[in-house]
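Trainee: Final position of the sequence shown in our numbering is 491; the numbers increase by one with none missing.
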Amino acid sequence: MKIRKMLTVVEEIYEDGGKKAVRPIKKVAAIAVIENPFAGRFVEDLQELVKTGEELGDLLGRRAVAALGAPAHSYGKAAIVGEQGEYEHAAAILHPTLGAPFRSAVGGGQAIIPSAKKLGGPGATIDVPLHYKDAAFVRTHFDATRGRPHRGRGQERGRVEMKFGLRIPSFALGPKTATLAEMGAYLRRAEDLGFDSAVSIDHLLQTPPAYACTWLEPVALLSALAGVTRTIKLGTMVLVLPLRNPAYFAKEWATLDLLSGGRSILGVGVGWHEEEFGLMGIPHKERGRRMDEMLELVTALWAGDNVTYAGQYYQVKNLTIDPKPAQKPHPPIWIGGGSQPFEKVYGQTVTNIDPVLKRIAKYARTWVPHSSATADMVKEDWEKIQRFMAGLGRKPGDMTKVYSNFVYVLKKGEKPEVAAPHFKVYSGMDLPYWQEYYLLGEAEQVAERIRAKIASLGGCEHVVLNPLNWSTDQLERLAGEVLPRVAKP
């Protein structure tokens, strides 16, 4: 048995239907994501999966009881198989041989263990029926719980795995600023729903008309969130690298990567807001060349000791920075930039972007195109990036791509105007602008627009969405209704 991931979903109910519980009702789902050895092929003998079920009965039973923290009254079992598997694979795992070790782990049980099995695509939920464990037909204990395991890997689905991330609700709005407890709960729910990453925006000041708010400082924020999350990767999209000092930043980000257990993603860009650069005493026109030197020096400091560097803007001699990042040789670097459908962006004339594309070709593990770029723009940029990569001895397969955008998923029949108040959190732009450039619609409409954009990219490996409303309702709609449609073959 090859276990890829384990997670435990705990639900505590204090009030239901306006009536408070005498004592909280606690339900636990212990889940294991395992490799299906028979994915994509037919075999007659499924004893390997029957044996796996026996092992999981003990392992998951003990994990569930530990999380429950009290004697169990009900139990159940369920299995979900990816699209390259069969119902019989789930049935084999749930074979009665699972029952004895499971009953032993949960403190015995006289009743049959209710079960459910299903075939599902990426993002599908696993639903576990629950019955009273010591007698049948005890109606007070007819119940269920659910969880959403991590998506299967690409080889089990016959294609490259697509990872889904989201923007952290880190906007700073005075008394409306999200607390660490709120953001932590939001991201833990995202973990349970299978999101791979969470990223923060970086701005020192308010930047109208782009944003009507400012944002929490990202490195401090991500360090705090590392302590209240478990598995989700934490990053920036994007951090304005030229505003930082390279030596200080190398130590700062390495510390974050170390404390997060190697979960950081460094997304960077040159920045654009002149006032921010003026405040820091950095000429705005130097930001591109400074970023190139920053990337060279910071990655060198992460990779080795006694670094000497002589650039136009930064010089060090025999410099060693500790600690080093947990990820080797360094955390993944995402770089944002590319063509946009505007002659001017926030008052600045857009000129030749080849230097931006050359930087991406040289340093990026992942490219983040502008969300508002047209399909033709993205295609032309990607062709240039590939040519620049070839000149550097890099292959197109060395780089992945991200599609990122703001999103608001409407309920069936809901009017787009209901999302308008949420736009004001970010900017003063009107509804037609959002409808043209961003993702606003019912689940099927949003999914179709994402799929079309991915096609224009020539495929991508990451989709990072920024819900306009950071309630978990939007997370649930994305995970349950949108992303399975996006991820389907």
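Every residue gets a Cβ at the ideal spot worked out from N, C-alpha and C, and that includes glycine.
#1: Beta-carbon separation of W255 and P333 under 9 Å?
#2: Can you give me the Cβ contacts of A93 inside the same chain, cut-off strictly under 7 Å, excluding the 5 residues immediately before and after it?
#3: Going along the chain, which residues of its own chain have a beta-carbon closer than 6 Å to the beta-carbon of A180, five neighbours each way excluded?
#4: Got a sec? Which residues, its chain only, sit under 6 Å from S373 by beta carbon, not counting five neighbours each side?
#5: Please give me, in chain order, every unbroken run of the alpha helix (DSSP H) with length at least 4 that falls completely inside the region 420-464.
#6: Let me make sure I understand the geometry here. Which of M3, D136 and A252 has the alpha-carbon closest to that of P327?
#7: Within a Cβ cutoff of 7 Å, which residues of the same chain sit near Y16, ignoring the five residues on either side of it in sequence?
#8: Could you compute how far the alpha carbon of E298 sits from the alpha carbon of K29?
#9: Locate the beta strand (DSSP E) running through D18, then write down its first and last residues.
#10: My parser needs the beta strand (DSSP E) runs of 3 or more residues fully inside the region 221-245; what are they?
#11: Expressed to the nearest angstrom, what Euclidean distance is found between the alpha-carbon atoms of E56 and M391?
#12: Use the C-beta contact count for L62: other C-beta atoms within 10 angstroms, 16 or more gives buried, fewer gives exposed.
#13: When the Cβ atoms of the region 282-292 are set against those of the region 257-264, are three or more pairs found closer than 8 Å?
#14: Pick from F173, E14 and E88: whose alpha carbon is nearest that of G42?
#15: Can you give me the start and stop residues for the alpha helix (DSSP H) that Y365 sits inside?
#16: What first and last residue would you give for the alpha helix (DSSP H) that runs through P103?
#17: Which residues does DSSP list as the beta-bridge partners of I467?
#18: Could you check the C-alpha separation between V448 and L189 for me, to the nearest Å?
#19: Which two residues bound the contiguous alpha helix (DSSP H) that contains D294?
#20: Tell me the DSSP bridge mates of V83?
#21: Rounded to the nearest angstrom, how far is the Cβ of P469 from that of Y410, given a contact under 8 Å?
#22: When you compare each of G460, V466, G461 and A312 to Y440 by their alpha carbons, which one comes out closest?
#23: Within the same chain, show all residues whose beta-carbon is closer than 8 Å to that of T310, passing over the 5 residues directly before and after it, in chain order.
#24: Report the three-state DSSP secondary structure of G186 (helix, strand or coil).
#25: Between T402, H91, R246 and G338, which has its C-alpha nearest A80's C-alpha?
#26: Pairs of beta-carbons, one from the region 133-146 and one from the region 198-205, closer than 8 Å: are there three or more?
#27: Let me know if Q329 comes out buried or exposed under the rule of 16 or more other beta-carbons within 10 Å of its beta-carbon.
#28: For D145, tell me which candidate among S117, K455, V83 and Q388 has the shortest Cα-Cα distance.
#29: Can you tell me where the beta strand (DSSP E) with I27 in it begins and where it stops?
#30: With burial defined as no fewer than 16 other Cβ atoms inside 10 Å of the residue's Cβ, what is the status of S473: buried or exposed?
#31: Report yes if the CB atom of G78 is closer than 9 Å to the CB atom of V130, and no otherwise.
#32: Three-state secondary structure (DSSP) at E158?
#33: Applying the criterion that 16 or more other CB atoms from any shown protein chain within 10 Å of the CB defines a buried residue, is N38 buried or exposed?
#34: Excluding the 5 residues flanking L206 on each side, which residues of the same chain have their C-beta closer than 6 Å to its C-beta?
Mentor: In brief:
#1: For the purposes of this step, residue 255 is taken as the residue at position 253 of the sequence shown. For the purposes of this step, residue 333 is taken as the residue at position 331 of the sequence shown. In this structure, P333 lies closer than 9 Å to W255 by Cβ.
#2: Residue numbering aside, residue 93 sits at position 91 when the sequence shown is read from its first letter. Here the set comprises K119.
#3: Counting from 1 along the sequence shown, the entry for residue 180 is found at position 178. Contacts found: P171.
#4: Residue mapping note: residue 373 aligns to position 371 of the sequence shown, counting from 1. Within the same chain, S373 has close Cβ partners S406 and N407.
#5: 422-428, 433-439 and 445-458
#6: Position 325 of the sequence shown holds residue 327. Answer by Cα proximity: A252.
#7: To locate residue 16, count along the sequence shown from 1; it is residue 14. Answer for Y16: K22, A23 and P26, listed in chain order.
#8: By 1-based counting over the sequence shown, the position of residue 298 is 296. By 1-based counting over the sequence shown, the position of residue 29 is 27. Cα to Cα, the separation comes out at about 51 Å.
#9: Taking the first residue of the sequence shown as position 1, residue 18 is located at position 16. Element bounds for D18: I5 to D18.
#10: 235-238
#11: Reading the sequence shown from its first residue, position 54 is the one you call residue 56. Reading the sequence shown from its first residue, position 389 is the one you call residue 391. Each residue's Cα considered, the two are about 50 Å apart.
#12: In the sequence shown, counting from the first residue as 1, residue 62 sits at position 60. Buried: at least 16 other Cβ atoms inside 10 Å.
#13: no
#14: As a position in the sequence shown, residue 42 is number 40, starting the count at 1. For the residues F173, E14 and E88, the minimum Cα distance to G42 belongs to E88.
#15: Here the question's residue 365 lines up with position 363 in the sequence shown. Note, Y365: alpha helix (DSSP H), D356 to Y365.
#16: Looking up residue 103 in the sequence shown gives position 101. Start and end: G101 to A107.
#17: By 1-based counting over the sequence shown, the position of residue 467 is 465. Looking at the sequence itself, residue 467 is Leu, so the reference to Ile does not match. BP columns for L467 point to L168 and N407.
#18: One-based indexing of the sequence shown puts residue 448 at position 446. One-based indexing of the sequence shown puts residue 189 at position 187. For V448 and L189, the distance between alpha carbons rounds to 22 Å.
#19: If you number the sequence shown from 1, residue 294 lands on position 292. Here the alpha helix (DSSP H) through D294 covers R289 to A305.
#20: As a working mapping, residue 83 is identified with position 81 in the sequence shown. For V83, which the question treats as bridged, DSSP gives the partners L121.
#21: Stepping through the sequence shown from its first residue, residue 469 is reached at position 467. Stepping through the sequence shown from its first residue, residue 410 is reached at position 408. About 7 Å; that satisfies the 8 Å criterion.
#22: For the purposes of this step, residue 440 is taken as the residue at position 438 of the sequence shown. Considering only alpha carbons, the answer is V466.
#23: Stepping through the sequence shown from its first residue, residue 310 is reached at position 308. Only V318, K319, N320 and L321 meet the Cβ criterion.
#24: On the sequence shown, position 184 is the one that residue 186 refers to. DSSP places G186 in helix when its eight states are reduced to three.
#25: Looking up residue 80 in the sequence shown gives position 78. Residue H91 is the option with its Cα nearest to A80.
#26: no
#27: If you number the sequence shown from 1, residue 329 lands on position 327. Looking at its Cβ environment, which holds 16 or more other Cβ atoms inside 10 Å, Q329 is buried.
#28: By one-based count along the sequence shown, residue 145 stands at place 143. Among S117, K455, V83 and Q388, the Cα nearest to that of D145 belongs to S117.
#29: Stepping through the sequence shown from its first residue, residue 27 is reached at position 25. Element bounds for I27: K21 to I36.
#30: Stepping through the sequence shown from its first residue, residue 473 is reached at position 471. Per the 10 Å Cβ criterion, exposed.
#31: Position 76 of the sequence shown, counting from 1, holds the residue named residue 78. Position 128 of the sequence shown, counting from 1, holds the residue named residue 130. Their beta carbons are under 9 Å apart, which means G78 touches V130 by this criterion.
#32: Within the sequence shown, the letter at position 156 stands for residue 158. A caution first: E158 carries a pLDDT of 42, below 50, which makes its placement in the model unreliable, though a value can still be read off. Residue state, collapsed to three classes: helix.
#33: As a first step, residue 38 is located in the sequence shown; it is residue number 36 there, counting from the start. Classification for N38: buried.
#34: For the purposes of this step, residue 206 is identified with residue 204 of the sequence shown, where counting begins at 1. The residues are E278.
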